[in-house]
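Peer 1:
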Amino acid sequence: MPEAPDELIKLERSAEEERAKLAGLAGDEYDAQWRRWREASKEVQAAVTAHAEASGASRYELEQAVKKAVRHAHDDPPAR
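Numbering follows our numbering, in which position 18 of the sequence shown is assigned residue number 34; successive positions increment by one, without gaps.
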């Protein structure tokens, strides 16, 4: 599996933060936030595709590496 570049991790983290903001919203607020999340997700997808094409990496494997890096950062217990 390819290593996830920092810039892709930052983009994915930003998209996940936009997704998390959907919680508790309804109506127009939900719709507006959903559009922000969708745009952030599209940016991630475009960046992953461009990086995979430029590096010759598998797009699927690169995307999985990015998602795994972001999820594991959230799963790590806080340092004491």
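We put the CB at the ideal spot given by N, CA and C, even for glycine.
(1) Classify A48 as buried or exposed, calling it buried when 16 or more other Cβ atoms lie within 10 Å of its own Cβ.
(2) From A63 to A73, what distance separates their C-alpha atoms?
(3) So, with DSSP's three-state summary, where would you put P93?
(4) From which residue to which residue does the alpha helix (DSSP H) around A31 run?
(5) What number of angstroms, rounded off, separates the C-alpha of A78 from the C-alpha of H88?
(6) Who are the near neighbours of S57 in its chain, counting only those whose CB is closer than 6 Å to its CB and skipping five residues on each side?
Peer 2: In short:
(1) exposed
(2) 13 Å
(3) Interpretation of P93 is limited by its pLDDT of 49, a score under 50 that renders its predicted location unreliable; the figure taken from the coordinates is listed afterwards. The answer is coil: DSSP assigns P93 none of H, G, I, E or B.
(4) 22-36
(5) Ala is not the amino acid found at residue 78; the sequence shown has Leu there. Rounded to whole angstroms, L78 to H88 spans 15 Å at the Cα level.
(6) A31
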